[in-house]
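Q: Quick one: the structure is below, questions incoming.
Protein chains: 2
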Amino acid sequence: MDAQTRESISMLGSCGSCGQCLHCEARSRSICSVIDPDHMARLAQYSHRLAVSPGKTFIQEGEAASDFFIVTSGHAKLFSLMPDGRRQIMGFAQAGDFLGLASGATYAFSAEALGSLSLCRFSRSGLALLRREFPDLENRLMEEASRELVQAQKSMMLLGRKTARERLASFLLEQHQRSPTREIVIHLPMSRTGIADYLGLTIETVSRTLNALQREKLIAISQVTQITLLNLPALEVLARGG
Amino acid sequence: MDAQTRESISMLGSCGSCGQCLHCEARSRSICSVIDPDHMARLAQYSHRLAVSPGKTFIQEGEAASDFFIVTSGHAKLFSLMPDGRRQIMGFAQAGDFLGLASGATYAFSAEALGSLSLCRFSRSGLALLRREFPDLENRLMEEASRELVQAQKSMMLLGRKTARERLASFLLEQHQRSPTREIVIHLPMSRTGIADYLGLTIETVSRTLNALQREKLIAISQVTQITLLNLPALEVLARGG
DNA sequence: GCGACGCCTTGATCCATATCAAAGCCATGA
DNA sequence: TCATGGCTTTGATATGGATCAAGGCGTCGC
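One line per chain: the protein sequences are A and B, in this order. The first sequence begins at 27 in my numbering and counts up one residue at a time. The second sequence begins at 27 in my numbering and counts up one residue at a time.
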């Protein structure tokens, strides 16, 4: 984004009176939920909406970590690359998720839009001011960090010790639990490559393993990105490893 | 620990005037470093020293997360177990490290002393009071959480995508970077089993790979727990994967 | 000093998953 | 409608690390 574009987005976003934050579709699920609706204008003053087109990288690992983001709609993948191109996806973000905690002076990961995505951006200094003004934010941010750490530890167990079948079962249940509706039919916003890079596997193993689970009647693959969980208890046993 | 023991430790630890915190050997490396030395008595009022004998588990995954800990001396391993006994070590804690962020209502990991260990314990409510009284703690805790998240993401890359050689090189460099002296001779507080469970490998692979690195003159194994890094640049290239 | 126990190393073999290769299967646009 | 290109699936083969199986080597107690 060039300076001029950034500025114009910034100015549009700064209109605190237009209800940007008050009518934000992700508010109830994000850290902003701790702020009283009366103070939404204040919040809007320090935050700026932006749209990200599909496939665009909006956080680059190693760059100065100047901003935090909240996903307002769509999905993003958070990942890191090795020099030879090996990729590990650390997580998928969806509406309400806070991005940027895993950073010191620079971002520790890259982030790319899966499909079209909209974000809310906070500068580091803006968030610092908001934290001072709304102390409840501190607690909410610590909760957010704790949740992410717990999730990261689960991923470490998955990547270090689980078999391919166990990884896929864990992944499907995680998608199921994160969906707002909790239906047994889950829609996957990522490709097989995304699943493989998240689970530390290859796309072939992901494909074969999903088909094996289907043959065993644990799931049904209605479309490539749509899977029905036919036997939740069995998947849970598999995911936790017995 | 029974209620009576807890109480007696508590009362001993509560003697704010005895200089417990002021003379704490881990203070400069821990979150307590943000608090002015004048206020050490206040800090000591909410914290309690305890000694843990070698091999003892002092945090149990799944139990109510009622306390936070700071390691004051010695080392601990933080890990999680699968029902069939597969173990993943999430990290090793040393003096100054803060334990307990990766928890919701219950601890997400178990922690066990490697050798003898001393800790400082804060109750959840005690820390909450201290956070209110010393707002700098908020920032320091967020930094701590960020550092842990960055480290967790590095572990995910290691476990998901690195080869055994790359994992060992990464591990040795991490131990090197965390040692206060930064000498090229590193002392490992954990056994081969500990290394294996941290790197998602078996003890046999750890042993073979370390010996291979020794044959290639990247390291020298002087004793089982003492390794000299002979070629740091080559190890760094290996660790990052080319 | 000596036996025993607990790591650690080394060797042989196996196997889960990667890699290599070739079709399928859509969706898209001419 | 048909060609194109990008996923995804499926099959054949290879391999890094696991597993199985001995030994080795300190350390500790007696």
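Note that the Cβ used here is the ideal one computed from N, Cα and C, for glycine as well. No experiment lies behind these values; they were computed from the predicted model shown.
1) Excluding the 5 residues preceding and the 5 following Ile61(B) in the sequence, name in chain order all residues of the same chain whose CB lies nearer than 6 Å to its CB.
2) Under a CB-based cut-off of 8 Å, is Ala178(A) close to chain B?
3) Quick check: the Cα distance between Glu209(A) and Met216(B), rounded to an integer number of angstroms?
4) Quick one: using the 10 Å Cβ neighbour count with 16 as the cut-off for buried, is Leu38(A) buried or exposed?
5) Within the 8 Å Cβ cut-off, does Gly130(A) reach chain B?
6) Taking 8 Å as the CB-CB limit, is Asp110(A) close to chain B?
7) Going by DSSP, name the residue or residues bridged to His74(A).
8) Do you know how far the Cα of Leu256(A) is from the Cα of Ile245(A)?
9) Where does Ile221(A) fall in DSSP's three states?
10) Select from the region 60-94 of chain B all residues with a C-beta closer than 7 Å to any C-beta belonging to chain A, and list them in chain order.
11) So that I know if they touch, is there some Cβ in chain A lying closer than 8 Å to that of Gln249(B)?
12) What does the Cβ neighbour count give for Leu153(B), buried or exposed, with the cut at 16 atoms within 10 Å?
13) Within 8 Å of any Cβ in chain B, is that where the Cβ of Leu167(A) sits?
14) Report the three-state DSSP secondary structure of Ser40(B) (helix, strand or coil).
15) Along the chain, where does the alpha helix (DSSP H) that runs through Leu185(A) open and close?
16) Are the region 188-196 of chain A and the region 170-177 of chain A touching by the rule of at least three beta carbon pairs closer than 8 Å?
17) Would you say Ala29(A) faces chain B, with C-beta separation under 8 Å as the test?
18) Can you find at least 3 beta carbon pairs, one from the region 101-110 of chain A and one from the region 141-153 of chain B, that sit closer than 8 Å?
19) What does Glu174(B) reach in chain A if we use C-beta pairs closer than 7 Å?
20) Establish whether the CB of Met116(B) and some CB of chain A are separated by less than 8 Å.
21) Can you check whether the C-beta of Ala134(B) is within less than 8 Å of a C-beta belonging to chain A?
22) Cβ of Leu185(A) less than 8 Å from any chain B Cβ?
23) Does Leu15(A) pass the burial test, meaning 16 or more other C-beta atoms within 10 Å, or should it be called exposed?
24) Can you pull the chain B neighbours of Ser266(A), defined as C-beta to C-beta under 8 Å?
25) Give me the Cβ distance between Met116(A) and Met182(B), rounded to the nearest whole Å; I'm assuming they're in contact under 8 Å.
26) Give the DSSP-derived three-state secondary structure of Ser233(B) in the structure shown.
27) Classify Leu140(B) as helix, strand or coil using the three-state DSSP reduction.
28) Less than 8 Å between the C-beta atoms of Gln86(B) and Ser136(B), yes or no?
29) Given a threshold of 16 other Cβ atoms within 10 Å of its Cβ, counted over all protein chains shown, does Leu264(A) qualify as buried or as exposed?
30) Pick out whichever of Lys103(A), Gly141(A), Gln114(A), Gly88(A) has its Cα sitting closest to the Cα of Ala131(A).
31) Comparing alpha-carbon positions, which option in Leu236(B), Leu214(B), Ile96(B) lies nearest Leu140(B)?
32) With 16 as the cutoff for other CB atoms within 10 Å, does Val250(B) come out buried or exposed?
33) What are the partner residues of Leu198(B), as DSSP defines its beta bridges?
34) Taking a cut of 7 Å between CB atoms, which residues from the region 206-217 of chain A lie near chain B?
35) Just verifying my parser: in three-state terms, what is the DSSP assignment at Val263(B)?
36) Is the Cβ of Ala171(B) closer than 8 Å to any Cβ of chain A?
A: According to the data block:
1) Leu69, Phe160
2) yes
3) 45 Å
4) With a pLDDT of 46 at Leu38(A), under the threshold of 50, the predicted position of this residue should be treated as unreliable, though the coordinate-derived value follows. Label assigned to Leu38(A): exposed.
5) yes
6) yes
7) Arg147(A)
8) 5 Å
9) helix
10) none
11) no
12) buried
13) yes
14) With a pLDDT of 47 at Ser40(B), under the threshold of 50, the predicted position of this residue should be treated as unreliable, though the coordinate-derived value follows. Note: Ser40(B) maps to coil in three-state DSSP.
15) 162-187
16) no
17) Interpretation of Ala29(A) is limited by its pLDDT of 43, a score under 50 that renders its predicted location unreliable; no figure is taken from the coordinates.
18) no
19) Leu175
20) yes
21) yes
22) yes
23) The structure shown has nothing for residue 15(A), since chain A only spans 27 to 268.
24) The sequence given here has Arg at residue 266(A), not Ser. Met108, Pro109, listed in chain order.
25) 6 Å
26) helix
27) strand
28) yes
29) buried
30) Gly88(A)
31) Leu214(B)
32) exposed
33) Beta-bridge pairing links Leu198(B) to no other residue.
34) none
35) helix
36) yes
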